[in-house]
Structure formats: structure tokens, C-alpha cells
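Below is one structure, written out as C-alpha cells, with a few remarks after it.
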Amino acid sequence: MREEAQPVLEVTNLKTIFRTRGGEVHAVNSVSFDLKPGELLGVVGESGSGKSVTMMSLIGLLPSPPAEVRDGRVMFDGLDLLKCTPAQLRAVRGPGVGFIFQDPMTSLNPVFTVGYQLREPLMKHMGMTKAQAQVRAQELLELVGIPDAGRRLKDFPHQFSGGMRQRVMIAIALACDPKVLIADEPTTALDVTIQAQILELVKDLRQKLGMAIIWITHDLGVIAGIADRIMVMYGGQIVEHGTVKEVFAKPRHPYTRALLQTVPSVRGERAEKLNVIEGQPPILRAAPAACPFRDRCSLRFSACDAANPARYDVGPGHDAACFWDFDANAPRKEVTEKAHV
Amino acid sequence: MFDGGKRPLVEVEGLKMYFPITAGLFRAKVGDVKAVDDVTFTIYEGETLGLVGESGCGKSTCGRAILRLYEPTAGSVTIDGEDVLAAPPSELRAMRPKMQMVFQDPQASLNPRMTVAGIIGEPLDEHTTLTKPQKLARIYELMDKVGLNRDFANRYPHEFSGGQRQRIGIARALALNPRFIVCDEPIAALDVSIQAQVVNLLEELQDSLGLTYLFISHDLSMVRHIADRVAVMYLGRIVELATRDALYEAPLHPYTQALLSAVPEPDPNAESTRQRIILKGDVPSPANPPKGCNFCTRCPKVMDLCRSVEPEFREVAPGHFTACHLHNQTAG
Ligand SMILES: Nc1ncnc2c1ncn2[C@@H]1O[C@H](COP(=O)(O)OP(=O)(O)OP(=O)(O)O)[C@@H](O)[C@H]1O
Ligand SMILES: Nc1ncnc2c1ncn2[C@@H]1O[C@H](COP(=O)(O)OP(=O)(O)O)[C@@H](O)[C@H]1O
Ligand code: SF4
Ligand code: SF4
Ligand SMILES: [Mg+2]
Ligand SMILES: [Mg+2]
């Protein structure tokens, strides 16, 4: 168990909003989580649930305006990243926190060779000479499984296939040996056979390099295969969190439960009819004063309209933001007690 | 269902769709992208045929060529007894109502300057002589069918969510009472929780209207849910075609086996013990497919023979077709 280990990253009460013409969008609402050394934390949720904004807020990657990180604390390496100057943040990105984006084409620079893009962070952050960086760049490409790496360093991003570009992105993110790697839907745009290659690669690299990883995806299957813990986001907040084993075996938030039931499988029993989560995800014009899932929840009751549920402990290292107690099959006693006061 | 009792509605034979590659000042033809290269299959009335395969393998091109949204290079397509590819323009126009398409990106496929009523009613303008009130009644009826509130008839596509936009696309496809619909990745752009809503709608419509679908997708679990039979494509060819259960429980072609084994399972216990076949490398270019079996560059079971001789697509068990030298015996 890693329970005792000091977290490498600790996020408390993060709040991020966007100012848009239609008013404020409360994209991230009081999000708190931590990341232990060497662990892989999976993050799931539908599009717009705040996964990317949360992670980009951490390391100051959001354009401001329109974004504004309104509250919170992000402790990394003894620093509060939210209080850092842009120069301090640039020094953290790369050697401290590496980032892999969903679409490699938008983050790889089309006019520079892959070799140049790999060498640059090595020379800037690791103090290598060009020759040293060249050697390391080739090693990195080999590490992520690109054949003929030495020659491919001279190629431009468009000369690689989608899967290979994603590998190049991983190689660049790994270049400075980051303590934390944040991967935002790194395989969503890839085919399953290529995704399988990348997932194998990540498992392998984790063993070799021992970094802590945050892996964002909407694919519960991917999380089941590679993550230690899972965090489920909905409406800009964390609605359930726990070890992968716990959450998949005993989901304690109606959204997680519904999600696990709607996803069909290629193996085992085949359901005649798909379970459906009716309705749409919310658009957050203000910090939610009630449960953000209530419009789509079949268990909704009076308490759900009156307040936004806190994250209640529902098992060892497992919490869920819901007023319903699935073990008692009744409203949580915190809610009923409050109602009697 | 493949049994003889069912009537073939769509028959595709030897279909090829090549896109010319040109180069130089005079755009001289230097080769072909063999997007669809000699595919043959039948879709029976009332069934859903799933068409799966990785990006760029030719699924969309196949669907479009069948509806003659492209002019295919070779082959024949018969829909409900009528020869689609040989029909002159006037006859083709008369056939159009029977065959429709639902697209992947509901955002891009709907005209942003038209109202929902305008979008759904457009095929009615083109192909029917309905009066204005008759047309509006039909539009309302279609909106009811796909679960769109009638009050939204005068709104524009951007005011809807992805799932709702896909419903608009489906209503439009249904306007002329089609028999056959090509659904090209109709759920790929949607969130997991919305995908199930759209798939259930497609299934309900199929039951109530007796529709026949070609369901194109790279989501193997969703195809297992919706399809009666499934065809697997690789690099422009169909490599395996079988009933859903046969294909998912006992796939024969090494590519199908690898594809299925690559799909992760939303279950940590199953994931820790699952056997995966990890394919090496990427899909070759369809402009320059490998000789022999086109899967030979990535196949874990490749033999010498595979690099020179192309395996024939044949029926190796009743209703189960595959193109692989490991399965050379013919059924019966
Ligand atoms: N109009 C065109 N001109 C030239 N090449 C084309 C054209 N349309 C498609 N292709 C090529 O034909 C091949 C098959 O494309 P197609 O769009 O059918 O793939 P697909 O299986 O639908 O892929 P995806 O899953 O990404 O939608 C690809 O190599 C593609 O680049
Ligand atoms: N640049 C932006 N301007 C305004 N709103 C934004 C911007 N970026 C993201 N948002 C909003 O923030 C919310 C969370 O988005 P995001 O974190 O990207 O979701 P996810 O990554 O979970 O799909 C959404 O409501 C989205 O519309
Ligand atoms: S708090 Fe209420 S509405 Fe929200 S998920 Fe729980 S039961 Fe459903
Ligand atoms: S014919 Fe040969 S290369 Fe092709 S799938 Fe079969 S075994 Fe593999
Ligand atoms: Mg995102
Ligand atoms: Mg396509």
C-alpha cells in the first residue's frame, strides 16, 4: 500500500471559471485530490465535465482571460503552483510536470523536426549540449518504440502516423524525466490496436521510470486496465473517487453506476437493451447549489435539490458525492438528521 | 440473421472504389488509393450489418459507394432489386428516397442556416408534392418519432446538443420512408451516456419501421450490441464476415482476433488476466498495399505463402466468411 507516502501533488479546492459573452461558466468547482509517487490516477467523465480545465489550471496552461483560477491550492515540490510566477511555472513544466495532449498535431510544431523538438527541452531544462541531447533524443524515441529512431529524428511530425505522433508526444513529455505526467485523452483519437500499443508502452515505462501519472479518458475499460485509483468527474466536480477495484466493484454514485451499465462489452453477456442515462449534462452558469446530476438521476429526492452533496466516505479510500446511501438503500443519515433539526 | 428465409435487400458484388493519385503540373495519374478493393456481401431485409475496422480502412467510402454518393470504379450494387450503379441519373433520383445516410458529425452535416423544420423537410421538398400543411404535419410526426420536442421546429442546429443534432439527422433520413439506411459512425461524436440514447432510438425505429441498416463504426462493443451480422474491413477488403455471435465468440481471421483482443474491458479483474494480441506497426497505405495477404506485414501468424498469394474470401462455415490461408477449406 502507498497510503503513507507523501503525495507528489496535492490539489485543494480548485475553482476555475471562464468569462464568456453569455456570462460565467463554472468549469471546475472545488476540486480536491492528490497524487502519490509512482501511482496512476485515472480521470473519467463526459466531455465538458471539467477534466482538461482542472489539469490545465494546475500548471497555468489556461489562457487568462477568459479563464480565471478563482480559488484553491496546488502543492507540488513545496511550491504552491497557483502562486508561482510565469517563469517559475515554465521551470516546473517539463522537469516537474509533463503534459501529453489529446491531439498531438496541435502540440507538435509542424515546422520543426521531431529531433529538434526533443532536443530543445533537454538543452533548456537538463543543461545538455546539442550532442548529448541528440543521443538522448534517439534513446527516447527508441524507448517509445519508434523503429529506426536515429533516422526518424530528422522527420517532421506530418511524416508520422497518428499513433507514432502520440508516441513522439510521450517521448517529449518524458524528455526531462518529470515527476508527474499528465496525459489528457492520449489515446482517444487512436484506433484500438494502436491504443493497445500505447497502453502497453505506458505500463512498461511506469515500471522503468516510476513516475506518477494522471490519465484522462472517457473509456472505463482503459482505466480498468492501467489505473490504481479512479476519479469520476461530473458537472465540474469530483463525484466519486477510490481505488479502481473498489469503484468498479462497488460504485457509490448514480452517475458512475449508470456509466458502468451503459457501456456494452465485446465479451461476456450481451444485454438485449442498453441502459440509458436520460437527459443532458448541465451547463454551469453558477457554482451548483444542488446536486449537478439531479436532472438525470433516478434516485433524486428532496435533499438533492436543496444542497450540493459533499464527498462522503463510502469505503476505505473511497468517497462519493451523493445523498443516497447505497449500503443502507436509504437517504444518508446526515441528510435525514439535518431534516429533523 | 443469415438464414435462407430472409430476403436479400442490398447485394454488393466486387465493389471497388479507387481514388486517383495525381502528381505534377499536368496532374498526371501516378497511382490509385484503393480505398475499397473488391468487396462482396449481402444485407438481408430488416437486419443490421455492422461494418468495423480501423481508421482509413475504407468503411465510409464503402457506405458512400453503395449509395452512389461516389461513382465506384467497378462492381455492382443492387438495392431492393434495382441496380443502383447502372441506373441513369433520372432513375437514380427516383431510387434516392429508398436509401439514406446518417453521418458521423451531426454538427457538420446539418446546414447551420436552416431551421430544424427546414432541415427535416428538405427531402420532402425535393421528392414529394406535399402541401405546406401536409409537410408540416409530416415534420412534426418525424420529430415525435425521434424524440425531439415539436416546439423546437424553428430553432437552428447550434442550439442543440450533439445527441439532439444526431436525432435531427435521423429524422431527416427518415423523411422519405427509406428501406435502407447507411449509418456512418452515428455515435462516434457523442458522449458515452448519449450514445446509448441514440443507439436505442435506431433500434426502436428499425423495429417499428422495418428498416435495414449498414452500421459503420470502429466501436466494437457498440456493434456487438446493435448488429445481427458483422463485416470486418482491413485496408480496403473485407477479411471476415459472420453472425454477431460467431464473430465475437469465435473469430477466425488473425486481424479480427487482434482487434477484439485490443478492446479493453471495463472490469479491473478481467483486465488483469486478459490475453492481448498486440499488433506491431501501423496500417500500411492503401495506395501501396502489401502483396499477397494485405495483413501480412502485421499478422502474428504470417506464413511464407501469405507474402505472395492473396487469400480468397470464402465461406468456411455456414454463413461465416473469411480471407486467410489458415482457413482454406470451404464449407460443406
Ligand atoms: N475523396 C478521396 N480522395 C482520395 N482518397 C480518399 C478519398 N476519400 C477517402 N480516401 C482514402 O480512402 C481510404 C479509406 O477512407 P475512408 O474514409 O473510407 O476510411 P474509413 O474506414 O471510413 O475511416 P474512418 O474510420 O477514419 O472514418 C483512406 O486512405 C482515405 O485517405
Ligand atoms: N476557453 C473556454 N472558454 C469558455 N468555456 C470553456 C473554455 N474551455 C473550456 N470551457 C468550458 O469548461 C467546461 C469544462 O471543459 P473541459 O475541462 O474542457 O471538459 P473535459 O476535458 O472534461 O471534456 C466546459 O463547460 C467547457 O465548455
Ligand atoms: S445526490 Fe441525489 S440527485 Fe445527486 S446523485 Fe445522489 S441521489 Fe442522485
Ligand atoms: S493469410 Fe496469412 S498473413 Fe493473412 S491473415 Fe492469414 S495467416 Fe495472416
Ligand atoms: Mg478534455
Ligand atoms: Mg469514416
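In order, the protein sequences belong to chains E and G. Sequential numbering of the first sequence, starting at 126, is according to the working numbering. Sequential numbering of the second sequence, starting at 27, is according to the working numbering. Glycine residues also receive a C-beta, built at the ideal position from the N, C-alpha and C atoms. Since this is a predicted model, take the numbers as computed values, not measurements.
I'd like the span of the beta strand (DSSP E) that includes residue i, first residue to last.
| i | result |
| --- | --- |
| I271/E | Taken as a continuous stretch (DSSP letters only), I271/E belongs to no beta strand (DSSP E), as it is neither H nor E. |
| K60/G | 54-70 |
| G346/E | That residue, G346/E, is in no beta strand (DSSP E); its alpha helix (DSSP H) goes 345-351. |
| A343/G | 340-343 |
| T269/G | 263-269 |
| M259/G | 255-260 |
| T74/G | 74-78 |
| H443/E | 443-445 |
On the three-state DSSP scale, how would you describe residue i?
| i | result |
| --- | --- |
| M356/E | strand |
| V136/E | strand |
| C350/G | coil |
| P212/G | coil |
| P303/E | coil |
| N295/G | helix |
| Q133/G | coil |
| P315/G | coil |
| K42/G | strand |
| F364/G | Residue 364/G is absent from the model: chain G starts at 27 and stops at 358. |
| Y281/G | helix |
| Y182/G | coil |
| T141/E | strand |
| Y239/G | strand |
| M336/E | coil |
| D151/G | helix |
| P34/G | strand |
If you follow the alpha helix (DSSP H) that residue i is part of, which residue opens it and which one closes it?
| i | result |
| --- | --- |
| H378/E | That residue, H378/E, is in no alpha helix (DSSP H); it is neither H nor E in DSSP. |
| H250/E | 239-250 |
| F373/E | 369-374 |
| T87/G | 85-92 |
| S155/E | No alpha helix (DSSP H) contains S155/E, which is instead part of the beta strand (DSSP E) from 148-160. |
| M248/G | 246-252 |
Name the chain G residues whose beta carbon is nearer than 8 Å to that of residue i?
| i | result |
| --- | --- |
| T145/E | Those do not exist, as T145/E stays about 15 Å from chain G at its closest Cβ, beyond 8 Å. |
| S232/E | None at all; the shortest Cβ gap to chain G is about 20 Å. |
| E325/E | R302, I304 |
Closer than 9 Å by beta-carbon distance: list the chain E residues that pair up with residue i, in chain order.
| i | result |
| --- | --- |
| S187/G | Q405, P406 |
| D254/G | By Cβ distance, chain E contributes nothing, its closest Cβ being about 12 Å from D254/G, past 9 Å. |
At a CB-CB cut-off below 7 Å, which residues of chain E make contact with residue i?
| i | result |
| --- | --- |
| Y274/G | V391 |
| E291/G | G346, A349, S390, R392 |
| L285/G | V317, T318 |
| V218/G | E171, H343, L384, T387, V388 |
Chain G partners of residue i, CB-CB under 7 Å?
| i | result |
| --- | --- |
| D316/E | E80, S81, H244 |
| Q322/E | I304 |
How would you list, in chain order, the residues of chain E whose beta-carbon sits under 8 Å from the beta-carbon of residue i?
| i | result |
| --- | --- |
| V225/G | L399 |
| A222/G | T387, L399, N400, V401, I402 |
| D308/G | S286, G288, M289, I319 |
| H251/G | P389, R395, A396, L399 |
| S247/G | V388, P389, S390, V391 |
| A288/G | V317, T318, Q320, A321 |
Could you list which residues in chain G have their beta carbon closer than 9 Å to that of residue i, in chain order?
| i | result |
| --- | --- |
| K370/E | P294, N295 |
| F373/E | P292, D293, P294, N295 |
Measuring from each Cβ to the nearest heavy atom of ligand 6, keep the ones under 7 Å and list them in chain order.
The set of residues whose C-beta lies within less than 7 Å of a heavy atom of ligand 6 reads, in chain order, K85/G, S86/G, Q130/G, D210/G, E211/G, I242/G.
Taking contact to mean 3 or more Cβ pairs, one atom from each stretch, closer than 8 Å, check whether the region 323-342 of chain E and the region 303-312 of chain E are in contact.
The answer is yes - the region 303-312 of chain E touches the region 323-342 of chain E, with three or more Cβ pairs under 8 Å.
Any contact of the region 110-126 of chain G with the region 62-76 of chain G, i.e. 3+ C-beta pairs under 8 Å?
The answer is no - the region 62-76 of chain G does not touch the region 110-126 of chain G, with fewer than three Cβ pairs under 8 Å.
At least three beta-carbon pairs within less than 8 Å, the region 289-296 of chain G to the region 261-278 of chain E
Verdict: no, contact absent.
Any residue with its Cβ nearer than 7 Å to a heavy atom of ligand 5 should be included. What is that list in chain order?
Every residue passing the under-7 Å Cβ criterion appears here: S172/E, K176/E, S177/E, Q227/E, D309/E, E310/E, I341/E.
What residues sit near ligand 3, counting only those whose C-beta is closer than 7 Å to one of its heavy atoms, in chain order?
Cβ-based neighbours of ligand 3 within the cut-off: H378/E, P379/E, Y380/E, C416/E, F418/E, R419/E, C422/E, L424/E, R425/E, F426/E, A428/E, C429/E, P434/E, C447/E, F448/E, W449/E.
Across the region 194-205 of chain G and the region 363-371 of chain E, are there enough close Cβ pairs to call them in contact, namely three or more that are closer than 8 Å?
They do not touch, by the three-pair rule.
Counting pairs of Cβ atoms below 8 Å between the region 34-54 of chain G and the region 443-463 of chain E, do you hit three or more?
No contact exists between the region 34-54 of chain G and the region 443-463 of chain E.
Under 8 Å: do the region 339-357 of chain G and the region 273-290 of chain G share three or more Cβ pairs, one atom per stretch?
With a cut-off of 8 Å, the region 273-290 of chain G and the region 339-357 of chain G count as touching, because enough Cβ pairs lie within range.
For the structure I just gave you, are there three or more beta carbon pairs, one from the region 385-394 of chain E and one from the region 205-223 of chain G, closer than 8 Å?
Judged by Cβ distances under 8 Å, the region 385-394 of chain E makes contact with the region 205-223 of chain G, as three or more pairs qualify.
Would the region 244-256 of chain G and the region 156-174 of chain G be scored as touching if the rule is three or more Cβ pairs under 8 Å?
The region 244-256 of chain G vs the region 156-174 of chain G: no contact.
The region 407-427 of chain E contacting the region 145-154 of chain E, beta-carbon criterion three pairs below 8 Å:
Touching, yes.
Using 8 Å as the Cβ pair cut-off and three pairs as the minimum, do the region 130-149 of chain E and the region 319-331 of chain E touch?
As far as the Cβ criterion goes, the region 130-149 of chain E does not touch the region 319-331 of chain E, which means the pair count is below three.
For the region 255-275 of chain G against the region 310-319 of chain G, do three or more pairs of beta-carbon atoms, one drawn from each stretch, fall closer than 8 Å, so that the two count as touching?
Per the Cβ contact rule, the region 255-275 of chain G is in contact with the region 310-319 of chain G (3 or more Cβ pairs under 8 Å).
Check whether the region 147-165 of chain G touches the region 236-243 of chain G, taking contact to mean three or more Cβ pairs, one atom from each stretch, closer than 8 Å.
In this structure the region 147-165 of chain G does not touch the region 236-243 of chain G; the number of beta carbon pairs closer than 8 Å is below three.
Does the pairing of the region 259-268 of chain E with the region 177-196 of chain E give three or more beta-carbon distances under 8 Å?
Flag = no, the region 259-268 of chain E and the region 177-196 of chain E do not touch.
Pairs of beta-carbons, one from the region 433-447 of chain E and one from the region 206-213 of chain E, closer than 8 Å: are there three or more?
No, the region 433-447 of chain E is not in contact with the region 206-213 of chain E.
Is there contact between the region 80-92 of chain G and the region 316-328 of chain E, where contact requires at least three CB pairs shorter than 8 Å?
Short answer: they touch.
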